[in-house]
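Counting in the numbering used here, the sequence shown runs from 3 upward without gaps.
Heads up, the beta-carbon is just placed ideally off N, CA and C, and yes, glycines get one too.
It should be emphasised that the depicted structure is a prediction, and the values quoted were computed from it without experimental measurement.
Structure first, then comments.
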Amino acid sequence: MAQEVRGVIARGKGDPVRVETIFVPDPGPGEAVVKIQACGVCHTDLHYREGGINDEFPFLLGHEAAGVVESVGDGVTEVAPGDFVILNWRAVCGQCRACLRGRPWYCFNTHNAKQKMTLTDGTELSPALGIGAFAEKTLVAAGQCTKVDPAAAPAAAGLLGCGVMAGLGAAINTGQVGRGDTVAVIGCGGVGNAAVAGARLAGAAKIIAVDLSDAKLEQAKALGATHTVNSSSTDAVEAIRSLTGGFGADVVIDAVGRPETYRQAFYARDLAGTVVLVGVPTPEMKLELPLLDVFGRGGALKSSWYGDCLPSRDFPMLIDLYLQGRLDLDAFVSETIALDGVEEAFHRMEKGEVLRSVVLL
Numbered sequence: 003m004a005q006e007v008r009g010v011i012a013r014g015k016g017d018p019v020r021v022e023t024i025f026v027p028d029p030g031p032g033e034a035v036v037k038i039q040a041c042g043v044c045h046t047d048l049h050y051r052e053g054g055i056n057d058e059f060p061f062l063l064g065h066e067a068a069g070v071v072e073s074v075g076d077g078v079t080e081v082a083p084g085d086f087v088i089l090n091w092r093a094v095c096g097q098c099r100a101c102l103r104g105r106p107w108y109c110f111n112t113h114n115a116k117q118k119m120t121l122t123d124g125t126e127l128s129p130a131l132g133i134g135a136f137a138e139k140t141l142v143a144a145g146q147c148t149k150v151d152p153a154a155a156p157a158a159a160g161l162l163g164c165g166v167m168a169g170l171g172a173a174i175n176t177g178q179v180g181r182g183d184t185v186a187v188i189g190c191g192g193v194g195n196a197a198v199a200g201a202r203l204a205g206a207a208k209i210i211a212v213d214l215s216d217a218k219l220e221q222a223k224a225l226g227a228t229h230t231v232n233s234s235s236t237d238a239v240e241a242i243r244s245l246t247g248g249f250g251a252d253v254v255i256d257a258v259g260r261p262e263t264y265r266q267a268f269y270a271r272d273l274a275g276t277v278v279l280v281g282v283p284t285p286e287m288k289l290e291l292p293l294l295d296v297f298g299r300g301g302a303l304k305s306s307w308y309g310d311c312l313p314s315r316d317f318p319m320l321i322d323l324y325l326q327g328r329l330d331l332d333a334f335v336s337e338t339i340a341l342d343g344v345e346e347a348f349h350r351m352e353k354g355e356v357l358r359s360v361v362l363l
């Protein structure tokens, strides 16, 4: 029997989102219904509203979420009703070429719920990243539910579902930051500051945060940056080099995703260093670099998908670190809002006023 709940809907490109009644079906085989407790407002949700992902409107937005499993369908063994879970958009299949080669964090065939949630007139909804968690309840594939310690605050835990995990993973998993490394992070929004926190967790000796905003740089210092560079008045590449003995950083993370910032990252790394792109470019962006420089500087140029995370491995570990006081996830929660506050939260996010607004249900 389908349940009626409230959810945040984007009906058309650029239209303000609004709260509407939706129908959530009972879970089928391999599916779960989750009662949402908290969901972060991510740039990806705004991209959906603006038609930047695809045009499969209407969208049920929201994906950085934590909640409690309410019911499961046939064949579900990984979670049970009552489990506190973080939702993820990488439910690994176990059968694709990446999974079979022992690299499930690259799974090329992740799956979502087979059934569709709908509006009251029967119109099928496209859930953001296969989740759709700006809602009182949502239907997902059971593999999208990762069980974690219920002592964690939902508002903080849910952020591991996307942006914070992307930044932490860019440093720890993709960049493979090691003890004593020098790290630079360009762009200190939610993802960039999570990369700062990840570099600190990994034991980096020097962490250089770069941004145009002094307020964001102060947040980066609180999360582990040892040095800050305001690139509105200082050449970022020269500053990073001067702070690393003239060599450049071992790992440079571009959390902005623009050609200008990528070039900064490329030239701010040491010889044989690593560049990690975790900021998401737009389709029209082009990058031009001298091929001789790409060859001559050596090292690695990497892109980080979802922080190259494996939710079943990384989410419980990071929640444990949070509960031990070693990872301050609460610092990323700038404000908590109601379900009808998402449109205004988009505006604050665009102005750079928040790391994360979090919907509490």
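Between residue i and residue j, what straight-line distance do the alpha-carbon atoms span, to the nearest angstrom?
i, j, result
"Leu219", "Lys118", "42 Å"
"Ile188", "His229", "12 Å"
"Ala158", "Leu141", "21 Å"
"Ala137", "Glu52", "20 Å"
"Ile321", "Lys208", "25 Å"
"Arg358", "Ala199", "15 Å"
"Leu293", "Ala267", "16 Å"
"Val87", "Gly30", "19 Å"
"Ala227", "Ala206", "10 Å"
"Ile174", "Cys44", "21 Å"
"Ala340", "Val166", "21 Å"
"His49", "Asp57", "11 Å"
"Gly171", "Leu279", "12 Å"
"Thr148", "Phe249", "41 Å"
"Pro283", "Val21", "29 Å"
"Arg13", "Asp342", "15 Å"
"Leu225", "Asp330", "8 Å"
Use the C-beta contact count for residue i: other C-beta atoms within 10 angstroms, 16 or more gives buried, fewer gives exposed.
i, result
"Phe334", "buried"
"Leu273", "exposed"
"Thr338", "exposed"
"Val296", "exposed"
"Thr112", "buried"
"Asp216", "exposed"
"Gln146", "buried"
"Leu102", "exposed"
"Leu62", "buried"
"Pro364", "The requested residue 364 is not part of the displayed model; the chain covers only 3 to 363."
"Ser306", "buried"
Determine the DSSP secondary structure at residue i, reduced to helix, strand or coil.
i, result
"Asp122", "Before going further, note that residue 122 is Thr rather than Asp in the sequence given. Note: Thr122 maps to coil in three-state DSSP."
"Ile339", "strand"
"Cys147", "strand"
"Gly354", "coil"
"Asp272", "strand"
"Thr23", "strand"
"Ser128", "strand"
"Ile188", "strand"
"Thr176", "helix"
"Ile88", "strand"
"Thr140", "strand"
"Leu279", "strand"
"Asp17", "coil"
"Cys98", "coil"
"Ala333", "helix"
"Asp316", "helix"
"Thr263", "helix"
"Ala93", "coil"
"Ile133", "coil"
"Glu346", "helix"
Quick one: give me the first and last residue of the alpha helix (DSSP H) that residue i is part of.
i, result
"Phe297", "293–299"
"Lys116", "Premise fails: Lys116 is in no alpha helix (DSSP H) and is neither H nor E."
"Val7", "First-last for Val7: 5–12, but that is the beta strand (DSSP E), not the alpha helix (DSSP H)."
"Val166", "165–171"
"Thr306", "It should be pointed out that residue 306 corresponds to Ser in this sequence rather than to Thr. No alpha helix (DSSP H) holds Ser306; DSSP gives it neither H nor E."
"Ala158", "156–159"
Shorter than 8 Å, the distance from the beta carbon of residue i to the closest heavy atom of the ligand ATP, or not?
i, result
"Phe136", "With respect to the ligand ATP, the structure shown offers nothing to examine, as it has no ligands at all."
Residue range of the beta strand (DSSP E) that residue i falls in?
i, result
"Leu362", "359–362"
| Within the stretch 190–261, ranges of the beta strand (DSSP E) (whole runs, at least 3 residues) | 208–213, 229–232, 251–256
| task | Just list the alpha helix (DSSP H) runs in the stretch 26–84, keeping only unbroken ones of 4 residues or longer that don't cross its boundaries, in chain order. | result | 45–51
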